[in-house]
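Protein chains in written order, with the working numbering: chain S, 1 to 628; chain D, 1001 to 1589.
So, in structure tokens, the structure goes:
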């Protein structure tokens, strides 16, 4: 049964190939249904494989299926193979499950788009690449998926390419990701040079033998790659811009799956991280928590409904890296799962709002949508409570685990995380109040005849309802009530090992920390309520935060200014100095040739003079050599 | 001499050898095309295509018949050509040259189908066929003289192609191309002759022992029959034996000149490195290497000898650019492998750091300059400088993995960049401009062209799963073993490649097209037919490069051990943790 795993990526691949050939002819909506069916089939197969895996003994939950030898030269040998273990199958289940829902949603969302079938071509290709990423049995296959999802992300962000901003955003995403990929590639070079293989089974088994300095270098280079893909400081700039893509893309790629690839990768190579110097995980934790705080502060001043969610995603991913850095890999994966549910839900909800508002994304022009879009509003509120960390919704449990581990690692990390959690509750409440409550603001002087919002069709609301259910319940996966309820932890144990970090704090301290986290969330919600619902306080939305602390614009200014000038200067150097030298030599040759031509003047006496001078010179030379 | 030449060439065994056919057929085609009367314009294209396709089919037959387990030269043919100078018609291919021969085999017919010349089809096709013959000749040649002739022959047709069918600035570009590359290879001829003579000196030296043995033999024979009296007639048997000995000594002391690549390269095996008694004067060999290297460096082109390339590319007709980038640049990198590493291993190792440096500079420099180009064709031209820099890095990092990566990359760059030039040519044909700023939003008017361009671009960027990645990654992962920091810097080129190509793509294909661009026609079926095999290869070789890698590997492995035999270079073994230097440090810290 485990060998069926090849079908998991094969189905979306088949969907992709069929649509490439027949997509246009199938048209709307059949192309969409085919893509959805392929993704759904893949989900079913994954579930079957998962059941088979559960049936195995715990120590046998590790199965490699090799399809063929991909690249083999000398000692360098890489196979195209899939690794079936609890981690990869959990990821695959998440990807295909949410993927199917979002495919279904997209059939409605992309309705009427002239490139309807092309959208689904890219979507199926994305799901395929993402599955390759998580199922790959070695680093290179993971990299194959890694770059593949990057390419799909590029194609989908720039999907509506007629607008220059969309095209720029696509390019920016790809190039920024490539900076991270440089780290990933260098990590692979170093791994191969050290271990002689890129297979996870070999590399991770040998990890304890790798010198700590080497392990640290590998881990940090991989983390650079993760920073690119998972939008962490300093490489997060592409993700907010990536919202230029269609909203289902934002939900699937830029919230639920692709951006979590970095978290997956770091979890996958956790033995290497363990072998590193102690400061390496600390760097990861601090990068994560600072990114989380940084992005949260930006999110609270955004007015675009999707931009809020984008910065929120960056922030939540920061939480996951905080967990990784604290050694709490299970908590990271746990939060990744719950986040995938509620963030996909929020994005799809936002898409439903945008759809219902006839392509309006400015929250200042929304309000009281609960009246017009009851299902969207209700499900969005579930998502909000989940991300805000209100018990018993899913986000509370996973965020609590992370904060707890952070506290064990370093209370300062915990404190920054707590502040971020408060801010999260605040900006999400702000969004909910602005969009779904208060007065209706879509009709103003400029838009006097704006049409009334409407609820979306079932193909869009059904995924919302399913995801809302999951966002409510997913906490069950890993409840902190003793070891028995730590389902996810026990499930992932074969991969991440006995958690090094077993929480040592007393139960009372744990409860205290959790209570503090809940209080933080409620404070955030309450303050937002005062400001954005009751309007009893003035909103604090500094321009600097709305502009993202000018981080992106500074980089853009640098790249467009000195960076571009340096490139330009090099090009000018090439044209003037290098090519100038070439042309200079040519001019010199032809010039001196022209001059020398005058010597050939046909007068015998000139030649005779030349001969005479030559003879004298030769004589002088030989005489000087004579020793008396 | 002419008679022997004719006799040799017309001997059935030579004509029927597939390599001779593959080299001679295009030349024959060129002659046939030029014999067709000018009035029969329609015939030129058909006949030329026929010959090009036949040659392509021949090279594919070579691929099919190639023994993947044999690391040596296959399909060898070795006939004395000009015996007085020791020049022979010696051809043969191994895994390194096989795919370059195949590339030359099928890229030419594709380029011919893709583009119809605006005028004078007869000389156009004749020159293209000469070019094809010359390129295949270079990759097959195992005789230094034959190699040199072929290496120089290709300049002529390319010069005339640029001059005759090029664009506005073609006179300047053609002249620059010709003089630049001629200048480069002039010294190579000196190097070749010097090498032949040095090698003969080496043979003389190596023969000394045998000469001494014969001499002592003769002396012993003479002594055993010491004539008691001077007037007794000498034993005729002894006399004959002595005369024979003299002749033999004469032969050993004056061996024939020999331009045979294999003979010269393999003869170094005689070298007893322990005593340092070398038939080669390595000091001189290093100078000879430089003479070769200059010729190849211009051809590759290596920074700072690259400036002929953008001019030649921009001004050349589309078919010319395709061939120039696809095949002709590889004459340089192939030269470095065959006439650098194989022929002159010790100097190659000696100069490797310098060449690796130039290669890495080329990667970054080419990419940076490409980014700022305003002309689409020029941009692709500079991207070649960057890609070829990777190949040079791979070759001179000297590991099996990196050299194989370099060989793979030679082929893949031919496909990807050839395809890019074809696409740029299609755009130019429609819009009559290559100026990036006057193109916009083409994806809207030509979605299929845009989709094909996207795939080719991703291949050129080195996206895993497509062909470009395989070579690039092998180069980098192999080079890292011996040139760690250079590799880390070179990998930055991967980021830059994404930057310049995606930016160009955005400006050309994205956005809202203006009136001129909106009216641009999409790809037609003939163009689609030309692109199809390239696209198939791009995907196939990215997903399943094994058939290619398996055929290249034995030859590369053999080359590396050849280099090890003749220099103090030793390839690092595959790492295993714990066994190597990378044993765990003090864990207690």
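Backbone N, C-alpha and C fix where the C-beta goes; we use that ideal spot for every residue, glycine too.
On a predicted model such as this, the values are computed, not experimentally measured, just so you know.
(message) On the CB-based measure, 16 or more other CB atoms within 10 Å of its CB, does residue 241(S) come out buried or exposed?
(response) buried
(request) Ignore the nearest five residues each way along the sequence and tell me which others in residue 1382(D)'s own chain have a CB closer than 7 Å to its CB. (result) 1310, 1366, 1369, 1370, 1373
(request) Measuring only between beta-carbons, confirm whether residue 1044(D) sits less than 8 Å from chain S. (result) no
(message) Quick check on residue 1018(D): does DSSP put it in helix, strand or coil?
(response) helix
(request) Could you spell out where the alpha helix (DSSP H) holding residue 1184(D) opens and where it closes? (result) 1170-1224
(request) Could you tell me which chain D residues have their CB closer than 8 Å to the CB of residue 552(S), listed as they occur along the chain? (result) Residues of chain D passing the Cβ test: none, with the nearest at roughly 17 Å.
(request) Using a Cβ cut-off of 8 Å (strictly closer), state whether residue 274(S) contacts chain D. (result) no
(request) In angstroms with no decimal places, state the Cα-to-Cα distance between residue 1590(D) and residue 1507(D). (result) For residue 1590(D) there is no data in the structure shown, the boundaries of chain D being 1001 and 1589.
(request) Mind listing the chain D neighbours of residue 232(S)? Cutoff is C-beta to C-beta under 8 Å, in chain order. (result) Simply none; closest approach about 18 Å.
(request) Return the residue from the list 323(S), 380(S), 80(S), 509(S) that minimises the CA-CA distance to residue 198(S). (result) 80(S)
(message) Let's test the definition: count the other Cβ atoms within 10 Å of the Cβ of residue 1331(D) and tell me whether it reaches 16, buried, or not, exposed.
(response) buried
(message) Using only the alpha-carbon positions, how far apart do residue 1214(D) and residue 1249(D) sit?
(response) 7 Å
(request) Give the straight-line distance between the Cα atoms of residue 496(S) and residue 61(S), rounded to the nearest whole angstrom. (result) 13 Å
(request) Starting from residue 521(S), trace the alpha helix (DSSP H) both ways and give me its first and last residue. (result) 507-528
(request) Determine whether the Cβ of residue 1574(D) lies closer than 8 Å to any Cβ atom of chain S. (result) yes
(request) With DSSP as the reference, label residue 1412(D) as helix, strand or coil. (result) helix
(request) Identify whether residue 1371(D) lies in helix, strand or coil by the three-state DSSP scheme. (result) helix
(request) Given a cut-off of 8 Å, decide if residue 232(S) and residue 347(S) are closer than it, judged by their beta-carbon atoms. (result) no
(request) Alpha carbon to alpha carbon, how far is residue 227(S) from residue 291(S)? Give it in angstroms, no decimals. (result) 10 Å
(message) Here's the rule: buried if 16 or more other CB atoms are within 10 angstroms of the residue's CB, otherwise exposed. What is residue 392(S)?
(response) exposed
(request) Would you decide whether residue 609(S) is buried or exposed? Buried here means 16 or more other CB atoms lie within 10 Å of its CB. (result) exposed
(request) Just grab the DSSP bridge partners of residue 1080(D) for me. (result) 1088(D)
(request) Count the other CB atoms, across all protein chains shown, that sit within 10 Å of the CB of residue 537(S); report buried if there are 16 or more and exposed otherwise. (result) exposed
(request) Determine which residues share a DSSP beta bridge with residue 65(S) and list them. (result) 82(S)
(request) Give the residues of chain D in contact with residue 186(S), contact being defined as C-beta atoms less than 7 Å apart. (result) 1488, 1491
(message) Is it buried or exposed, residue 621(S), if we count other Cβ atoms within 10 angstroms and call 16 or more buried?
(response) exposed
(request) Sort out for me which residues DSSP pairs residue 1141(D) with in a bridge. (result) 1091(D)
(message) Strictly below 7 Å CB to CB, what residues from chain D border residue 189(S)?
(response) 1476, 1477, 1480, 1487
(message) Counting C-beta neighbours from all protein chains within 10 Å, is the total for residue 1404(D) 16 or more, i.e. buried, or is it exposed?
(response) buried
(request) State the Cα-Cα distance for the pair residue 1200(D) and residue 583(S), rounded to the nearest angstrom. (result) 40 Å
(message) Measuring only the C-alpha atoms, how far is residue 237(S) from residue 552(S)?
(response) 6 Å
(request) Measure the Cβ-Cβ separation of residue 350(S) and residue 430(S) and say whether it is below 8 Å. (result) no
(message) Against chain D, with Cβ distances strictly below 8 Å, would residue 6(S) count as a contact?
(response) no
(message) Assuming contact is defined by CB atoms lying nearer than 8 Å, are residue 1030(D) and residue 1154(D) in contact in what I supplied?
(response) no
(request) Can you tell me which of the three DSSP states residue 1505(D) falls into? (result) helix
(message) Residues of the region 62-77 of chain S in Cβ contact with chain D at a cutoff of 8 Å, in chain order, please.
(response) 68, 69, 70, 71, 72, 73, 74, 75, 76
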